[in-house]
Amino acid sequence: MTWPGTAAGPQGVAAAGPQDAAAAGPQEAVAAGAGQLQEASGGSALAAAHPGGAAGTKGRRPTAGPWTRFLLRRTGRLLASLACLVVASFALIHFVPGDPVRAALGVTAPVELVESRRRLLGLDRPILEQFWSYLSGLLHGDLGTSLTSSLPVSKVIGDRFVSTAVLAGLAFAVVMVVALPLGMLLGILTRDGRRRRLELAFVALANTLTGIPSFLLAVGAVTLFSVGLSLLPVAGRSGPSSWVLPVFTLAAGPAATLALIVRVETLRVLSQDYMRTARAKRLPTRLLYLRHALPNMLTAALTLGGLLLGGLVAGTVLVENVFAWPGLGTTIVGSINSKDYPLVQGVVLVLGGAVLVINLVVDLLVAVFDPRSTVLET
Amino acid sequence: MQRSSWLRALRTPTGAATALGMLLLLVLAVVGPPLMRDAATTFNTSAIRQGPSGAHWLGTDALGRDVLARIVVATRLSIGLALVSTLIGVVGGVLLGALPVVLGRRAGRAVRAFVDVAVAFPGLLVALSLAVVFGVGARGAVLALGLTAVPSFARLTANLAAGVAEADYVSAARLAGASRGRILVRHVLPNIGEPLVINATIGAGSALLAFAGLSFLGLGVQPPGYDWGRLLNEGLNRIYDAPVAALGPGVAVVLAGVAFSLFGETVAQVVGLRTDSRVKGAVPRLALAGEAQDGAVRAAPRDDLVLDVEDLTVAFPGGSTPVAGVSLRIHRGEMVGVVGESGSGKSLTALAVAGLLPPQATMSARRAEFLGHDVRALDDRERRSLLGTSLAMVFQDPMSSLNPALRVGRQVAEVAEVHLGASRATAAGDAVAKLAEVRIAAPALRAQQHPHQFSGGMRQRVMIAMGLVAQPRLLVADEPTTALDVTVQRQVLALLRRVRDEHGAAVLLISHDVGVIAELCERVVVMYAGRVVEEGPVADVLARPAHPYTRALVESVPDMTTPRTRPLVTITGRPPDPSARPDGCPFAPRCPRAQARCTQEDPPLMAMPGTRAACWFPHLDERAALAAGPVA
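Protein chains in written order, with the working numbering: chain A, 489 to 866; chain B, 21 to 652.
Rendered as structure tokens:
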């Protein structure tokens with residue numbers, strides 16, 4: 489199980505347990521996502537019976553009502569989560585034992601310097617006033633001032649954010665481009681118990697990949713490709729070749745997870761009654777899979793893909809530190825070690841906010857792509 | 021749990037490997053530090069940064085300490101820290117997750133909302149932030165990881181507890197006046213213990229990896245202490261001169277993590293929480309493959325026979341033959357009903373006729389002609405074209421037989437595009453016309469909708485419309501009304517009749533409902549145990565059944581005159597197992613008229629007045645007995 493799986497793990501098994509669905513992932517890494525998938529597919533079967541526009545012969549689409557409510561609910565949840573995040577990141581500096589400025593500057597720093605820094609951070613003012621100025625600063629894009637470099641945090645984070653975002657984005661693209669076709673192909677090849685050996689080999693390999701945390705994979709990849717074969721740079725960000733290892737070590741685990749799920753989803757879809765209808769129409773193979781099977785797997789793939797993207801963003805922290813990648817991950821670890829609390833606050837806020845926004849966007853996409861719009865009901 | 025199931029789990033390769041791995045970890049954690057601490061901690065300036073050798077299998081580090089010894093000694097600390105943080109997570113999670121049970125509805129909902137928000141944050145960020153608060157070091161990291169795991173365990177507990185709280189015995193306890201706290205301790209917690217323990221075990225594996233991550237980042241164990249993550253961090257600095265120093269602890273982390281996860285999985289399997297991951301149920305095989313081709317093979321029937329199947333047998337691996345020697349002839353425009361109990365082989369007969377049998381089934385027949393073509397002799401392209409245009413299927417469950425992801429109009433239009441070479445626009449227009457033909461109001465609008473916006477009866481009409489796009493010669497309807505309301509059933513049946521009247525298509529109607537067949541069909545075929553036991557005009561067969569089984573079937577249908585005080589007539593016993601059919605007549609064990617001959621000789625289908633029946637002692641009371649002779 490990969491790092492972000494720490495949070496997802498326990499629910500996964502519980503969800504897979506009582507439901508005995510065909511979609512239950514083979515191993516625990518799969519179960520992390522399978523829980524959600526099953527809820528999604530189980531829910532859709534129920535929703536098929538929901539009245540919607542079916543009752544009347546007027547034939548109208550479901551009214552804007554559910555959509556409005558859905559948007560309100562999801563936006564509300566995002567705002568609540570963001571509020572929690574802001575409060576938490578504000579509180580961070582106040583929960584540090586002792587005096588954060590003294591801790592940052594060390595015992596030898598002169599008292600005047602500590603005092604001036606305290607004033608700079610506003611730590612001498614009442615707590616509510618501090619929170620208010622923190623909030624109004626945030627609204628103006630002001631994340632405070634770095635203790636070590638005396639630069640605005642927003643400036644320190646700015647470039648690094650792009651670097652991390654591109655890394656996570658590329659890795660996500662690799663995940664989708666590799667896992668979706670691969671999982672579907674393997675589902676088709678191993679349907680109704682064919683090619684047992686291929687199935688076994690794939691499941692074993694994919695599960696191994698999901699079981700290795702990305703930073704360990706990165707260490708192994710560096711050993712092999714950079715040190716052993718001297719094909720790729722060990723660390724740093726320079727030419728295109730320096731992107732290869734970070735992107736692929738970041739993508740490998742999630743891609744394996746997604747491919748496992750997509751294969752099981754493919755098997756599930758292929759066994760559905762509507763696929764028998766499609767076969768009864770004697771459609772060519774291409775249409776059978778691309779037109780009739782694929783759209784029914786997209787919801788599940790997108791849902792899990794979104795979860796994986798959130799995990800990828802967080803996962804950059806470790807991988808960046810293996811490759812000394814100039815991004816938010818190396819920044820946050822460096823700032824924790826140098827006790828540069830405003831910078832820590834800033835990175836936590838930006839990375840956490842990014843993950844929350846991604847989750848919302850994925851929810852919306854899934855709702856748009858799912859013709860039954862079952863997510864609207866949840 | 022029973023000891024035997026544990027032993028059985030131990031004998032599987034995974035179970036054995038898991039047990040071995042856990043045992044090894046335990047041994048290393050217990051005896052590793054006392055045995056190897058010297059080699060792991062003593063500086064040896066004469067052996068600095070050595071590569072792997074006989075004395076030092078994984079080489080030495082910058083201070084001449086044996087790398088392998090350090091990895092072994094680090095086992096205890098690495099696992100210990102992971103277990104402690106998991107314990108914090110589980111205890112915190114159970115306390116938080118059980119709150120809704122204790123607090124009551126409103127406060128409980130607030131707690132769940134909080135947990136939902138907390139779960140949404142990426143664990144790594146939470147752990148890093150908490151590590152800042154608790155201070156960099158092993159203690160801070162344990163607390164941070166433990167607290168990070170709290171929300172997910174809280175959600176698990178809340179979900180499990182909510183499930184248990186619905187149970188009857190909890191309601192009973194509540195009615196009896198038990199307090200919420202008592203319900204939690206006495207009823208809820210004991211019943212969610214197992215899944216919690218299993219998830220905690222798997223969670224410990226994750227915590228192990230996570231802790232290695234934190235130490236690797238320099239935020240966990242601090243020197244001179246060392247766990248696997250710390251060793252990995254030190255090893256990465258020397259990756260050029262000694263890659264094994266980095267790989268060694270990495271491998272240890274992965275193996276230990278896998279051992280914990282597998283252990284949780286194995287426990288879960290033994291206690292039966294998770295089922296076999298293999299997808300159950302056969303996925304029907306795609307009968308046809310190849311490229312799309314335009315141009316239909318035009319049907320050229322030699323006579324008015326649409327379908328001519330002789331001696332059809334469907335067999336499954338393992339010797340089961342659910343369809344054994346069925347012959348079926350359907351004439352142009354004829355409506356034929358096939359009736360029988362579930363398991364009589366009627367649906368498989370329909371699927372075999374349509375070439376849609378599941379992949380593991382094998383089919384054989386003396387003759388299998390559709391519109392005069394031997395379907396077995398056609399090549400893929402021809403068969404697809406012939407069956408795609410001239411044969412239409414309507415399945416039992418309209419709720420699941422339409423593709424939920426595609427617009428209804430698209431699904432209807434598809435056949436015209438693929439098999440008739442129609443343009444997309446033409447096909448779409450045609451689809452709307454067909455929808456109108458099956459009496460779907462506002463067809464143009466409806467064509468733009470998805471199946472979930474249709475009722476069951478409408479979906480079944482869409483299925484029929486789909487079959488009408490090309491000019492079908494045969495419509496095979498497998499229990500088309502079983503899943504529908506009675507009023508909707510009549511509409512669909514009326515539509516099937518119109519399909520025959522207006523398109524001249526023959527209809528093969530499979531049903532367990534004698535009434536449906538009596539209403540719609542001209543001829544009826546009664547199936548029992550994979551064979552035809554009686555066949556003839558509906559009026560004759562159902563009014564004066566010759567075969568005792570047909571008679572029992574007809575009598576078991578209640579009508580308006582059936583006295584309601586008496587129990588419904590049922591046929592006692594069960595049909596024979598298709599893999600172990602007895603000698604003689606398959607109905608003999610259940611037959612009130614059975615005699616010695618019935619259990620010895622299997623009766624063939626014999627001509628009788630107005631019908632053909634496979635019975636040695638048919639009901640011929642009201643009929644003039646006819647010399648019964650086998651029909652060729």
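For every residue, glycine included, the Cβ atom is placed at its ideal position computed from N, Cα and C.
Margin query: In the DSSP assignment, the beta strand (DSSP E) including B/D498 goes from what residue to what residue?
Written below: Indexing the second sequence from 1 puts residue 498 of chain B at position 478. Counting along the chain, the beta strand (DSSP E) containing B/D498 begins and ends at L494 to D498.
Next item on the list: Per DSSP, which residues does A/I749 bridge with? Please list them.
Entry: In the first sequence, residue 749 of chain A corresponds to position 261, counting from 1. The partner list for A/I749 (beta bridge, DSSP) is empty, contrary to what the question assumes.
Next item on the list: Identify which residue in B/A230, B/L115 and B/T409 has its Cα closest to the Cα of B/V438.
Entry: By 1-based counting over the second sequence, the position of residue 438 of chain B is 418. Comparing Cα positions, the closest option is B/T409.
Next item on the list: Report the option in B/V153, B/A151, B/H567 and B/R258 whose CA atom is closest to the CA atom of A/T711.
Entry: Working through the first sequence from its first residue, we reach residue 711 of chain A at position 223. Of the listed residues, the one whose Cα sits closest to A/T711 is B/R258.
Check: Would you say A/L771 faces chain B, with C-beta separation under 8 Å as the test?
Finding: For the purposes of this step, residue 771 of chain A is identified with residue 283 of the first sequence, where counting begins at 1. For A/L771, the answer is yes, since a Cβ of chain B falls inside 8 Å of its Cβ.
Next item on the list: Could you name the residues of chain A that B/V274 contacts, counting a contact when the two beta carbons are closer than 7 Å?
Entry: For the purposes of this step, residue 274 of chain B is identified with residue 254 of the second sequence, where counting begins at 1. Close partners of B/V274 in chain A (Cβ separation under 7 Å): G699, I700 and L704.
Notebook entry, point to check: Could you give the C-beta distance for B/V552 and B/T631, rounded to a whole number, given that I count them as a contact under 8 Å?
Noted result: For this step, residue 552 of chain B is matched to residue 532 along the second sequence. For this step, residue 631 of chain B is matched to residue 611 along the second sequence. Actually they do not touch by this definition, with Cβ atoms about 11 Å apart.
Check: Roughly how many angstroms lie between the CA atoms of A/R714 and B/L426, to the nearest whole one?
Finding: Counting from 1 along the first sequence, the entry for residue 714 of chain A is found at position 226. Counting from 1 along the second sequence, the entry for residue 426 of chain B is found at position 406. Here the sequence assigns Ser to residue 714 of chain A, which means Arg is not the residue at that position. Near 48 Å, if we compare the C-alpha coordinates of B/L426 and A/S714.
Next item on the list: Would you kindly report the start and end of the unbroken beta strand (DSSP E) that includes B/G535?
Entry: Within the second sequence, the letter at position 515 stands for residue 535 of chain B. Element bounds for B/G535: not the beta strand (DSSP E) but the alpha helix (DSSP H), V534 to L540.
Item checked: Residues near B/C541 by beta carbon distance below 7 Å, same chain, minus five either side -> As a position in the second sequence, residue 541 of chain B is number 521, starting the count at 1. Closer than 7 Å at Cβ, skipping near neighbours: M355, V356, G357, L529 and V558.
Item checked: DSSP-derived helix/strand/coil call for B/H351 -> Taking the first residue of the second sequence as 1, we reach residue 351 of chain B at position 331. B/H351: strand per DSSP, three-state reduction.
Notebook entry, point to check: Skipping 5 residues on each side, what residues in its chain have a beta carbon closer than 6 Å to that of B/D603?
Noted result: In the second sequence, the residue the question calls residue 603 of chain B occupies position 583. Excluding positions up to five away in sequence, the list is empty.
Check: For B/G143, which residues from the same chain have a beta carbon less than 6 Å from its beta carbon, with the 5 sequence-adjacent residues on both sides left out?
Finding: On the second sequence, position 123 is the one that residue 143 of chain B refers to. Excluding residues within five positions, the ones whose Cβ falls inside 6 Å are T168.
Notebook entry, point to check: In or out: A/P506 buried (at least 16 other Cβ within 10 Å) or exposed?
Noted result: As a first step, residue 506 of chain A must be located in the first sequence, where it is residue number 18. With a pLDDT of only 35 at A/P506, under the threshold of 50, the placement of this residue in the model should not be trusted, and no figure is reported.
Check: Going straight from the alpha carbon of A/L626 to that of A/T678, what length do you get?
Finding: Residue 626 of chain A sits at position 138 when you count from the first residue of the first sequence. Residue 678 of chain A sits at position 190 when you count from the first residue of the first sequence. Going by the C-alpha atoms only, they are around 53 Å apart.
Item checked: Proximity to A/W731 [Cα-Cα], best of A/L790, A/G815, A/V584 and A/L755 -> Against the first sequence, residue 731 of chain A aligns to sequence position 243. If we check each option's Cα against that of A/W731, A/G815 comes out closest.
Note to self: When you compare the region 783 to 790 of chain A with the region 726 to 743 of chain A, are there three or more beta-carbon pairs, one atom per stretch, that lie closer than 8 Å?
What the structure shows: no
Notebook entry, point to check: So who's on the other strand from B/S340, going by DSSP bridges?
Noted result: Within the second sequence, numbered from 1, the residue matching residue 340 of chain B stands at position 320. In DSSP, B/S340 forms a bridge with B/F336.
Check: Where do the ends of the beta strand (DSSP E) carrying B/F390 lie?
Finding: Counted from its first residue, the second sequence places residue 390 of chain B at position 370. The continuous beta strand (DSSP E) containing B/F390 extends over residues R387 to F390.
Check: From B/A29, B/L228, B/D136 and B/I91, pick the residue whose C-alpha is nearest to that of B/M56; which is it?
Finding: Reading the second sequence from its first residue, position 36 is the one you call residue 56 of chain B. Here the closest residue by C-alpha is B/I91.
Item checked: Cutoff 8 Å; reference A/V707; Cβ partners in own chain excluding five residues on either side -> As a working note, residue 707 of chain A is residue 219 in the first sequence. Same-chain partners within the cutoff: V810.
Next item on the list: Under the assumption that B/P623 contacts B/C605 (Cβ atoms under 8 Å), give the Cβ distance between them as a whole number of angstroms.
Entry: As a first step, residue 623 of chain B must be located in the second sequence, where it is residue number 603. As a first step, residue 605 of chain B must be located in the second sequence, where it is residue number 585. Indeed, because the Cβ distance is near 5 Å, the residues count as touching under 8 Å.
Next item on the list: Indicate the three-state DSSP secondary structure (helix, strand or coil) for B/E522 in the structure shown.
Entry: The residue labelled residue 522 of chain B in the question sits at position 502 within the second sequence. Three-state DSSP puts B/E522 in a helix.
Check: DSSP state of B/D450, grouped into three classes?
Finding: Walking along the second sequence from the start, residue 450 of chain B turns up at place 430. The answer is helix: DSSP assigns B/D450 an H, G or I state.
Next item on the list: Could you work out which residues of chain A lie near B/R404, taking near to mean beta carbons separated by less than 9 Å?
Entry: Locating residue 404 of chain B in the second sequence gives position 384, counting from the first residue. Under the 9 Å cutoff, chain A gives R770, L771 and P772.
Next item on the list: For B/M383, return the contacting residues in chain A, with the cut-off set at a CB-CB distance below 7 Å.
Entry: Position 363 of the second sequence holds residue 383 of chain B. By Cβ distance, chain A contributes nothing, its closest Cβ being about 16 Å from B/M383, past 7 Å.
Notebook entry, point to check: DSSP beta-bridge partners for B/A412?
Noted result: Looking up residue 412 of chain B in the second sequence gives position 392. Partner(s): B/L495.
Margin query: Closer than 8 Å is the cut-off here; do at least three beta carbon pairs connect the region 653 to 673 of chain A with the region 232 to 241 of chain B?
Written below: Touching, no.
Notebook entry, point to check: Using a beta-carbon distance below 8 Å, is B/A36 in contact with chain A?
Noted result: Numbered from its first residue, the second sequence carries residue 36 of chain B at position 16. No - not a single Cβ of chain A is within 8 Å of the one on B/A36.
Next item on the list: Rounded to whole angstroms, what's the CA-CA distance from A/L852 to B/P342? Just pull it up for me.
Entry: For the purposes of this step, residue 852 of chain A is taken as the residue at position 364 of the first sequence. For the purposes of this step, residue 342 of chain B is taken as the residue at position 322 of the second sequence. Cα-Cα distance, rounded: 49 Å.
Next item on the list: For A/A656, I'd like the list of residues in its chain whose CB is within less than 6 Å of its CB, leaving aside the five on either flank, ordered along the chain.
Entry: Residue numbering aside, residue 656 of chain A sits at position 168 when the first sequence is read from its first letter. The answer, listed in chain order, is L800, V801 and T804.
Notebook entry, point to check: Can at least three beta-carbon pairs, one atom from the region 833 to 851 of chain A and one from the region 741 to 750 of chain A, be found at a separation below 8 Å?
Noted result: no
Notebook entry, point to check: Do B/F141 and A/G681 have their CB atoms nearer than 8 Å?
Noted result: Your numbering for residue 141 of chain B matches position 121 in the second sequence. Your numbering for residue 681 of chain A matches position 193 in the first sequence. Result no, Cβ atoms of B/F141 and A/G681 do not sit closer than 8 Å.
Check: So, is A/V752 buried or exposed, given that buried needs 16 or more other C-beta atoms within 10 angstroms?
Finding: Along the first sequence, one-based indexing puts residue 752 of chain A at 264. The residue is buried, with at least 16 neighbouring Cβ atoms inside 10 Å.
Check: How is the alpha helix (DSSP H) around A/R682 delimited, first residue to last?
Finding: Position 194 of the first sequence, counted from the first residue, corresponds to residue 682 of chain A. Premise fails: A/R682 is in no alpha helix (DSSP H) and is neither H nor E.
Check: At what residues does the beta strand (DSSP E) containing B/P557 begin and finish?
Finding: As a first step, residue 557 of chain B must be located in the second sequence, where it is residue number 537. Note, B/P557: beta strand (DSSP E), R551 to P557.
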